[in-house]
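First comes the structure, then the notes that go with it.
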Amino acid sequence: MAFVSFVGRVLFASVFILSAWQEFNEFGVDGGPAAKTLKPKFNVFSKTVSSHTGVQAPEFDIKYLVAAAVAFKGVGGIFFIFGSSIGAYLLVLHQLIVTPILYDFYNYDTEKKEFGILFTKFSQFEKDSVSGGIQVSIPVVNLQGVKKNPTTKSVLYNSYVDQCSAAAAKMERYSCL
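Residue 1 is where the sequence shown starts when you use our numbering, and the numbers rise one by one after that.
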């Protein structure tokens, strides 16, 4: 079972690691195509957040956000493969930061076609695949190597067997059955 778990972690983390590798190779001076795609969406996201909360997002170059995403996906994926819950938490953090920026369905009216398309993609991607896999794996990663506590029934049975063994050793008449 441990081998199957390891293979599953490798397959799951390979999506993040390969994505990080591709973004790293395309990064260049300006952040590559990922930064070009992310910049307009991030601007809309920061305006939406500032209009609802009144907190202004600080100005920074979007290539730093792409670099952080590459680091979170790469390091988180590698840690995840080796069963560390830190890797799972890094991947969850990456998803929590990037998802509202990439899937900006909240900027569209619910009656428009774009809202339905983006919301469907968001629902399928987040709920069914990536976040679900990470959330399920966090308890599994945390439980690996943890021994089960004996139940009350097994403790009582072991105590009973110990008493019978002690009685037999003393050659006393003791009904153990």
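Here a beta-carbon is modelled for each residue, glycine too, at the ideal position from N, C-alpha and C.
Keep in mind it's a predicted model, so treat the numbers as computed, not measured.
V98 and A71 closer than 8 angstroms at C-beta: Contact: no.
May I ask you to report which of helix, strand or coil DSSP gives Q124?
Collapsing the DSSP output to three states places Q124 in a helix.
**Item:** Length-filtered (4 minimum) alpha helix (DSSP H) runs lying within the segment 35 to 86
**Value:** If only complete runs of 4 or more residues are kept, the segment 35 to 86 shows the alpha helix (DSSP H) at 62 to 81, in order along the chain.
* Can K73 and A20 be called in contact, C-beta distance under 8 angstroms? -> Pairing K73 with A20 gives a Cβ-Cβ distance under 8 angstroms.
Quick check on the DSSP output: the alpha helix (DSSP H) that includes F27 runs from which residue to which? Judged by DSSP secondary structure, F27 falls outside any alpha helix (DSSP H); it is assigned neither H nor E.
Output needed for F60: all residues of its chain with C-beta closer than 8 angstroms, excluding positions within five of it in sequence on either side, in chain order. Hits under 8 angstroms: none found.
task: Excluding the 5 residues preceding and the 5 following K36 in the sequence, name in chain order all residues of the same chain whose CB lies nearer than 6 angstroms to its CB.
output: Within the same chain, no Cβ atom closer than 6 angstroms to the Cβ of K36 is found once the five residues on either side in sequence are excluded.
C-alpha distance - R9 paired with Y103, whole-angstrom precision: Answer to the nearest angstrom: the Cα atoms are 26 angstroms apart.
Q) Shortest alpha-carbon distance to K63 belongs to which of Q95, L38, G76, F82? A) Checking every option, the nearest Cα to that of K63 belongs to L38.
* Could you give the distance in angstroms between the alpha-carbon of A57 and the alpha-carbon of H94? -> Approximately 18 angstroms, taken between the alpha carbons.
| Cα-Cα separation between E111 and S84, rounded to whole angstroms | As the crow flies, the alpha-carbon of E111 is around 43 angstroms from that of S84.
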